[in-house]
Each structure stands twice: as structure tokens, then as C-alpha cells.
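Start counting the sequence shown at 33; every next residue gets the next number (our numbering). Structure record follows, encoded as C-alpha cells.
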Amino acid sequence: MSRKFLRKEFVIYSLFIISILFCFTPMFVCAEDEMIEITVEITEISNNKARDLGIKWVDTLSFGEVSWGSDSGSREPAMLPEVPAIFKVGDFARYTALSGQINLLVKKGAAKIISKPKLITRSGTEATFSVGGQFPVVATGVSGGSVEWKEYGIIVKMKPSIMTNGKIRAFVSTEVSRLDWANKVGDYPALSSRNVKNNVDLKSGETLVIAGLTETKEEESSAGIPILSEIPILKYLFGSNNKTTSQNTVFIFVTPRIVK
33 MSRKFLRKEF VIYSLFIISI LFCFTPMFVC AEDEMIEITV EITEISNNKA RDLGIKWVDT
93 LSFGEVSWGS DSGSREPAML PEVPAIFKVG DFARYTALSG QINLLVKKGA AKIISKPKLI
153 TRSGTEATFS VGGQFPVVAT GVSGGSVEWK EYGIIVKMKP SIMTNGKIRA FVSTEVSRLD
213 WANKVGDYPA LSSRNVKNNV DLKSGETLVI AGLTETKEEE SSAGIPILSE IPILKYLFGS
273 NNKTTSQNTV FIFVTPRIVK
């Protein structure tokens, strides 16, 4: 079966009614007219090329363990186990060592920005961003078989609510999934996924950076003298096989801003 699946990039806005609980909680603003702009930036880094440029921290990140604190004014990484997999970076720190090195990697061709959309949603309303594709899943029943399309890729959901102190309380859910052909069932791949959910308080314009998602790819290539390298016994004398391993790390930047 040909492995041709639909690839797409789309933004979904879904309505969410602010709960009565929030309306009776003093820290929340229940005005439905309050609007929030959300910027999502997805950057993919080639670990191999980053190492060649002397940047090795991409190999030390783990999905669900690193944070970055900015409330105290510190520009250095801080371990915050209650906020797994999230860097918290203020506007003043956007061009510190972390973002500066990522910008350098982009210029050197060691990283690329996959997507950078902007969403506008109401306070207390969930906004969803998705980039990836769909693959078919066949379900059989009494009346016959049917095809259901399932999404894979990067899905970021954020429900921001403006508090009376001017900060934004954000409920963030991130899921990253890929097709797993090693565990396929018949002609259909399995789905390998990771997800993280967090509640964080941010100032307008502060950035969350969800990091540590690494994908490893193995490629095999062959070279040698034509014809002789194709003979079963002689191919070891007149040919060679090379196996290379490459790793990519994905960063997801999420920045909410109050629209005034």
C-alpha cells in the first residue's frame, strides 16, 4: 500500500463558555470582550549540525524536566519541577543565550522554523493549533468496513484567562505524535505520541518554550565499484555500506498577549 497521507496545517478556533466557577473566583476577569492574541512558533533543530557549531545543550534536554524562570529577573535556567517541560521567558529575555543561539542555528542552516501562526481568542476560550497530517484507520463492523482519518503531528491547545492582577492564567496542553511503522498492524502504522499538560501564570507577552522532543532517524547508504559491488561475495571487497544517525529536537514557543 502506498504511504501517501494527507499533510496539512490549520488553525481551529473553538468556542468555550466561561464556567460559573471562574465568574465567582476573584482572580479571574469574566468579561467576554477581553481578547488575547496567541503566537505559536515551532522550531526544529538538527542536533548533529548544532554539535558541529559547538552547541551541545540540545543533547541534554528531556521532555518533561526543564524550566526557565523570569519573574525574579534571572536570565539563567532554573529547575522548576512543578512546571515540567516548559521554559518561562519574559520579553526582556527573548534574545538571551537560548533564543540567540537558536537564531544563530537558523542562520547557519542547523535549524528551521516550521510554522509561526497567530491566533486571537477570547479570555476563557480554548484555541487549538495543529500542524501535521492524517492517516487512515480501517474499522470493520457488521455492516462492513469504514475508514476513519486520525491526526498526527504537533497539536497545541491553550485556554488563557485574564486575571484581575493583569496576568494570564494559561491551561496548556501539547501533544506531539508521529507514525510508528515499526509497530504497524497490517498495512497501517501505529501512532507514537507524547503529551504534557500544565497550568501557568504569565505576564502579557511572556513566552513558554516547550522543549526536549527529540526524533532519531537512521539512514543507510552504499557505495562501491559498479557490478562488482553487487556480487554477494565480492561486495564486501569492492563496496561499503554506511549507516548514519541523525537527531532533531523540536522547540515550541507559545506567547499570549492581551489585546488592548
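No residue lacks a Cβ here, since even glycine has one placed at the ideal position from N, Cα and C. Note that the structure is a prediction, hence the values are computed from the model and not measured.
Ile152 is not a Cβ neighbour of Val286, given a cutoff of 8 Å.
In this structure, Leu245 sits away from Val204, with a CB-CB distance that is not shorter than 8 Å. Selection Arg289, Ile284 and Glu207 evaluated against Ile146 yields Ile284 as nearest (Cα-Cα). Residue environment for Ala222: exposed (fewer than 16 other C-beta atoms within 10 angstroms of its C-beta). For Lys150, no alpha helix (DSSP H) run applies; the uninterrupted beta strand (DSSP E) run containing it begins and ends at Lys150 to Arg154, by DSSP. Residue state for Asn197 is assigned as coil, using DSSP reduced to three classes. Proximity to Asp65 across Lys144, Gly164 and Thr157 peaks at Thr157, based on C-alpha coordinates. Ranking Glu238, Thr206, Gly218 and Asp233 by CA distance to the CA of Ser225 puts Thr206 first. A direct Cα-Cα distance of roughly 9 Å separates Lys189 from Lys229. In this structure the segment 69 to 82 lies against the segment 132 to 143, because at least three pairs of beta carbons, one per stretch, are closer than 8 Å. Counted as a single uninterrupted DSSP element, the beta strand (DSSP E) harbouring Lys229 occupies residues Tyr220 to Leu234.
Rounded to whole angstroms, the gap between the alpha carbons of Met195 and Thr71 is 20 Å.
By the Cβ-count criterion, Gly164 is buried, with 16 or more other Cβ atoms from all chains shown falling within 10 Å of its own Cβ.
Within a 10 Å sphere around the beta-carbon of Asn280 sit 16 or more other beta-carbons, which makes this residue buried.
Comparing alpha carbon positions, the residue from Leu85, Ser278, Thr277 and Glu69 closest to Ala159 is Glu69. Looking at the DSSP output, Leu137 bridges to nothing. In the DSSP assignment, Ala82 falls within the unbroken alpha helix (DSSP H) covering Asn79 to Asp84. Bridge partners of Ala171 according to DSSP: Ser178.
It is roughly 15 Å from the alpha-carbon of Val208 to the alpha-carbon of Phe167.
For Gly237, the three-state secondary structure derived from DSSP is coil.
Around the C-beta of Val217, fewer than 16 other C-beta atoms lie within 10 Å, and the residue is accordingly described as exposed. Distance between Val179 and Asp219, taken at the CA atoms: about 13 Å. The C-alpha of Lys191 is placed about 10 Å away from the C-alpha of Asn231. Residue environment analysis places Ala243 among the buried positions, since at least 16 neighbouring C-beta atoms fall within 10 angstroms of its C-beta.
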